[in-house]
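Asks:
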Amino acid sequence: MNAIAVAGVAAASTVTAGADWIYPPKIKLDQVREWVRRAPKKHPRILADTATLAALPEYVRRTAERSALARAVIEQADAILPVAPVRRIKRGRRLLGVSRTCLKRVVWLATAYHLTGKREYADRCRTEMLAAARFADWNPSHYLDVAEMAFGLALGYDWLYNELDPASRETIRDAILDKALRVPNNRRYRHWVRASNNWGQVCHGGMVAGALAVMEDEPELAAKTVLRALRNVPRSMAAFAPNGSYPEGPGYWGYGTTYNVLLIAELESALGTDFGLSKAPGFDRTGEYINVVTGPSGLFFNYSDGGAGRGPEPPLYWLSKRFERPDWLLLERGILAKRLRRLDPKTAAGQSDRLLPTALLWMEKAPANVSVRMPLSWKGEGRTPIAVFRASWSDPNATFVALKAGSPSAPHGQMDIGTFVLDADGVRWAVDLGAEGYHRIESRGMSLWSSAQRSDRWKIFRQSNLGHNTLVIDGRLQIARGFAEIIRFSAASPFPHAVVDMSPVYAGQAETVRRGVALLSSGEVFIRDRLTGLKPGAVVRWGMITPGKPGESAGPALELRLDNARLTLHDMSPAKTDWRTWETATPPNPWDSPNPNTVMVGFEAVAPASGVVDFAVLATPGSCRSSRRPEVPTAPPSEWRE
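Its first residue numbered 0, the sequence shown is counted upward by one per residue in numbering that gives the first Met the number 0.
1. Check for me: the beta strand (DSSP E) holding residue 256 runs from which residue to which?
2. Does the region 552-562 come close enough to the region 438-456 that 3 or more CB-CB pairs lie under 8 Å?
3. Once the 5 residues before and after residue 468 are set aside, which same chain residues still bring their CB inside 7 Å of it?
4. I think residue 479 touches residue 450, with their Cβ atoms under 8 Å apart; what is that distance to the nearest whole Å?
5. Scan the region 541-591 and note each continuous beta strand (DSSP E) run of 3 residues or more that stays entirely inside, going in chain order.
6. Curious, which full-length alpha helix (DSSP H) runs of at least 4 residues does the region 52-137 contain?
7. When the Cβ atoms of the region 237-253 are set against those of the region 273-290, are three or more pairs found closer than 8 Å?
8. Report the three-state DSSP secondary structure of residue 346 (helix, strand or coil).
9. What are the start and end residues of each continuous alpha helix (DSSP H) run of 4 or more residues lying completely inside the region 305-363, in chain order?
10. What is the residue span of the alpha helix (DSSP H) that residue 503 lies within?
11. Closer than 7 Å by C-beta to residue 410: which residues in its own chain qualify, once you throw out the five before and the five after it? Chain order, please.
12. Using three-state DSSP, classify residue 158 as helix, strand or coil.
13. Beta-carbon within less than 7 Å of residue 391's beta-carbon, same chain only, minus the 5 sequence neighbours each way: which residues are those?
14. For residue 127 and residue 304, I'd like the C-alpha separation in whole angstroms.
15. Rounding to the nearest angstrom, what Cα-Cα distance links residue 372 and residue 636 in this structure?
16. Give the DSSP-derived three-state secondary structure of residue 428 in the structure shown.
17. Would you mind stating whether residue 349 and residue 103 have Cβ atoms separated by less than 8 Å?
18. The alpha helix (DSSP H) that contains residue 511, what's its start and end?
19. Please identify the residue among 487, 475, 435 whose C-alpha is closest to the C-alpha of residue 590.
20. Can residue 354 and residue 106 be called in contact, C-beta distance under 8 Å?
21. When you compare the CB positions of residue 111 and residue 344, do they come within less than 8 Å of one another, or not?
22. Sort out for me which residues DSSP pairs residue 378 with in a bridge.
23. With 16 as the cutoff for other CB atoms within 10 Å, does residue 8 come out buried or exposed?
24. On the three-state DSSP scale, how would you describe residue 44?
25. Between 134, 83, 147, 287, which lies nearest to residue 96 when the distance is taken from Cα to Cα?
26. Return the Cβ separation of residue 455 and residue 446 in integer angstroms, given the expectation that the two are a contact with Cβ distance under 8 Å.
27. Using 10 angstroms around the beta-carbon of residue 157, count the other beta-carbons present and answer buried if the total reaches 16, otherwise exposed.
28. Just the C-alpha distance for residue 641 and residue 475, rounded to the nearest angstrom, thanks.
29. Candidates 272, 634, 235: which alpha carbon is nearest residue 257's?
30. Between which two residues does the alpha helix (DSSP H) containing residue 170 stretch?
31. Take the Cβ of residue 66 as the centre, count every other Cβ of all protein chains shown within 10 Å, and call the residue buried at 16 or more, exposed below.
32. Pull up the distance between the alpha-carbon of residue 536 and that of residue 607, whole angstroms please.
33. Distance check for residue 330 and residue 290, CA to CA, integer angstroms please.
34. Quick check on this structure: which residue in 628, 108, 64, 57 has the alpha carbon closest to the alpha carbon of residue 366?
35. Starting from the C-beta of residue 625, find all residues in its chain whose C-beta is less than 7 Å away, skip the five residues before and the five after it, and write them out in chain order.
36. Between the C-alpha atoms of residue 530 and residue 619, what's the straight-line distance to the nearest angstrom?
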């Protein structure tokens with residue numbers, strides 16, 4: 000049995016041995032001190048031990064996937080060798096880009112060293128770490144910067160400990176201590192400790208890595224740092240409950256979950272236990288979440304602040320292995336292969352894919368036949384409810400539609416309640432424009448991080464409901480503190496559907512606002528809205544942002560085309576409406592980023608004396624052979640049945 004396999008057996012034994020831990024961990028400082036005291040003090044110990052890393056060259060040759068990633072690591076490390084080390088240059092209030100760049104270089108160079116044994120990788124890694132170690136500080140006012148830098152130097156210090164000269168070891172160790180581990184002694188820099196979003200996962204993950212790397216020199220500080228994480232990271236891990244969904248969206252899932260997995264893995268590798276963290280409700284299901292929110296187009300349902308593009312997700316290899324779910328890698332293997340083909344030596348020294356080499360530690364040979372246990376219809380629960388429907392897991396041209404509920408005031412929230420994305424025939428037809436660049440807004444002195452109703456955040460096109468695939472009443476914003484629930488969800492054929500009660504986010508504008516979305520057996524998507532209690536004369540807009548090129552509308556039908564694909568939108572609303580377009584490529588304000596190759600299509604209706612407005616739209620892909628248009632329900636969403 001090779002060393003990687005031995006490490007896997009050890010990890011499995013650790014989990015079994017830790018089965019008596021309760022969640023959240025109930026542990027005292029004296030107990031953590033004892034775990035630190037008893038832990039082996041040999042390096043390396045963060046994520047991997049000496050035997051594991053020694054076996055890496057042979058291990059990676061055993062599958063094509065590992066070999067491809069290993070080759071990429073070496074090629075990228077070669078490109079990093081001649082590049083000057085990082086300098087302490089802030090962008091706005093952040094040093095984060097520098098921290099991530101340093102982290103990326105350290106991880107790739109240290110991994111390349113253990114894959115090849117070539118000294119130049121270790122020497123260049125030492126140069127990078129020493130440069131960061133000599134910074135005046137790692138910008139503790141924005142603590143993510145400290146956490147990512149700490150993780151990078153901790154891993155490099157640990158993995159290359161025996162290759163570092165004593166003076167370099169001392170400089171790097173002192174930097175980890177003085178610029179990271181001792182910083183929270185100053186109350187000014189402790190705001191992240193009790194964070195309930197991704198900050199908690201990232202900061203505790205980075206700090207614990209630093210503590211475990213130097214624990215033979217500072218056992219008391221290591222014990223206190225670990226205890227602080229055990230007591231506080233469950234606040235962030237609550238995001239996974241009850242079924243693995245992530246309130247900040249799939250983009251931030253990658254960030255928070257990566258560091259959450261690293262935290263657990265580093266505790267197990269260095270101390271022999273995770274103290275029960277992996278038993279957090281929903282954590283054993285979150286590998287499903289990141290897959291169900293990825294459409295057949297390969298794009299995320301990127302609600303909240305995040306882009307649609309999905310890259311490799313190293314923690315999926317750990318999650319798949321830990322929870323025995325090989326089907327969670329159904330999409331990941333292809334995504335990784337695509338990314339490796341596109342890696343550019345010119346960008347090797349940057350921050351992208353900074354933790355990708357860690358996947359080598361968790362990759363297993365793909366089973367010959369993987370049974371897909373992930374559902375076609377899925378409801379994400381918790382703080383940001385979503386509903387997702389797809390026609391197939393194997394057909395890249397399958398229809399996919401996803402609908403969002405929740406609140407604009409959620410972490411990284413937008414006024415996107417009721418928004419949807421839609422894939423069909425390999426095209427993302429209904430898009431979410433994603434997040435506005437943080438520095439772009441902050442550099443203007445605008446308030447980006449307040450979710451108050453009058454915040455500058457809602458003046459940004461991409462953040463407000465005016466820039467989403469949802470409803471707008473009289474040009475007004477959604478209510479930031481409102482919360483919309485999914486009041487109906489059915490996965491049953493032939494009418495899987497979800498209904499969102501959006502009334503709280505339109506309070507003062509209408510009495511009730513409900514939206515239903517259904518995926519039909521024909522591959523068509525039906526979207527049905529009913530609004531009541533509108534002020535007579537109020538103007539209600541239905542809109543969908545698309546990269547498709549709208550043709551001339553033929554009465555109630557509007558055809559969209561993109562390359563050789565097409566999607567036809569049929570307006571089946573009771574009242575006559577006319578299709579029109581709104582500008583999205585060039586948004587209205589000077590602070591808004593452009594959205595090239597997009598346009599909003601939709602229509603408006605004026606509320607009658609009854610105050611009731613009904614909308615109904617059927618989206619028919621070009622591949623649809625037999626439309627179910629005559630069969631769609633005329634009833635409002637609140638009356639839908641299976």
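Here a beta-carbon is modelled for each residue, glycine too, at the ideal position from N, C-alpha and C. Since this is a predicted model, take the numbers as computed values, not measurements.
Replies: In this structure, then:
1. As a position in the sequence shown, residue 256 is number 257, starting the count at 1. Here residue 256 belongs to no beta strand (DSSP E); instead the alpha helix (DSSP H) covers 248-270.
2. no
3. On the sequence shown, residue 468 is found 469 positions in, with the first residue counted as 1. Same-chain partners within the cutoff: 418, 419, 429, 542, 543, 544.
4. Against the sequence shown, residue 479 aligns to sequence position 480. Against the sequence shown, residue 450 aligns to sequence position 451. Residue 479 to residue 450, Cβ: 5 Å. Contact.
5. 556-561, 564-570, 579-582
6. 63-79, 95-115, 118-132
7. yes
8. Taking the first residue of the sequence shown as 1, we reach residue 346 at position 347. Correct three-state label for residue 346: helix.
9. 314-321, 331-341
10. Along the sequence shown, one-based indexing puts residue 503 at 504. It is not in any alpha helix (DSSP H) - residue 503 carries neither H nor E in the DSSP assignment.
11. Working through the sequence shown from its first residue, we reach residue 410 at position 411. Taken in chain order, the residues that qualify are 196, 246, 247.
12. Locating residue 158 in the sequence shown gives position 159, counting from the first residue. Reduced to three states, the DSSP call for residue 158 is helix.
13. Stepping through the sequence shown from its first residue, residue 391 is reached at position 392. Answer for residue 391: 397, listed in chain order.
14. Walking along the sequence shown from the start, residue 127 turns up at place 128. Walking along the sequence shown from the start, residue 304 turns up at place 305. In a straight line, the C-alpha of residue 127 is about 32 Å away from that of residue 304.
15. Within the sequence shown, numbered from 1, the residue matching residue 372 stands at position 373. Within the sequence shown, numbered from 1, the residue matching residue 636 stands at position 637. Going from the Cα of residue 372 to the Cα of residue 636 covers about 29 Å.
16. Start at 1 with the first residue of the sequence shown, and residue 428 comes out as number 429. Strand, per DSSP.
17. As a working note, residue 349 is residue 350 in the sequence shown. As a working note, residue 103 is residue 104 in the sequence shown. In this structure, residue 103 lies closer than 8 Å to residue 349 by Cβ.
18. One-based indexing of the sequence shown puts residue 511 at position 512. No alpha helix (DSSP H) holds residue 511; the beta strand (DSSP E) holding it covers 511-518.
19. For this step, residue 590 is matched to residue 591 along the sequence shown. For the residues 487, 475, 435, the minimum Cα distance to residue 590 belongs to 435.
20. Within the sequence shown, the letter at position 355 stands for residue 354. Within the sequence shown, the letter at position 107 stands for residue 106. Yes, Cβ-Cβ distance for residue 354 and residue 106 is below 8 Å.
21. Here residue 111 refers to the residue found at position 112 of the sequence shown. Here residue 344 refers to the residue found at position 345 of the sequence shown. No, they are not a contact pair.
22. Within the sequence shown, residue 378 is the residue found at index 379, counting from 1. BP columns for residue 378 point to 386.
23. Position 9 of the sequence shown, counted from the start, is the residue given in the question as residue 8. Any reading at residue 8 is ruled out, since the residue's pLDDT is 34, under 50, leaving its predicted position unreliable.
24. As a position in the sequence shown, residue 44 is number 45, starting the count at 1. It is coil, neither helix nor strand.
25. Here residue 96 corresponds to residue number 97 of the sequence shown, with the count starting at 1. Cα-wise, what sits closest to residue 96 is 147.
26. In the sequence shown, residue 455 corresponds to position 456, counting from 1. In the sequence shown, residue 446 corresponds to position 447, counting from 1. 4 Å between Cβ atoms; contact.
27. For this step, residue 157 is matched to residue 158 along the sequence shown. By the 10 Å Cβ count, residue 157 comes out buried.
28. Residue numbering aside, residue 641 sits at position 642 when the sequence shown is read from its first letter. Residue numbering aside, residue 475 sits at position 476 when the sequence shown is read from its first letter. Using only the alpha carbons, I get a separation of about 34 Å.
29. Locating residue 257 in the sequence shown gives position 258, where the first residue counts as 1. Here the closest residue by C-alpha is 235.
30. Position 171 of the sequence shown, counted from the start, is the residue given in the question as residue 170. Segment 165-175, the alpha helix (DSSP H) holding residue 170.
31. Within the sequence shown, residue 66 is the residue found at index 67, counting from 1. Burial call: exposed.
32. Residue mapping note: residue 536 aligns to position 537 of the sequence shown, counting from 1. Residue mapping note: residue 607 aligns to position 608 of the sequence shown, counting from 1. Using only the alpha carbons, I get a separation of about 6 Å.
33. Locating residue 290 in the sequence shown gives position 291, counting from the first residue. Locating residue 330 in the sequence shown gives position 331, counting from the first residue. Cα to Cα, the separation comes out at about 7 Å.
34. Walking along the sequence shown from the start, residue 366 turns up at place 367. When each option's Cα is compared against that of residue 366, the closest is 64.
35. For the purposes of this step, residue 625 is taken as residue 626 along the sequence shown, with counting starting at 1. Around residue 625: 521.
36. Here residue 530 refers to the residue found at position 531 when the sequence shown is read from its first residue. Here residue 619 refers to the residue found at position 620 when the sequence shown is read from its first residue. Taking the straight line joining both Cα atoms gives about 24 Å.
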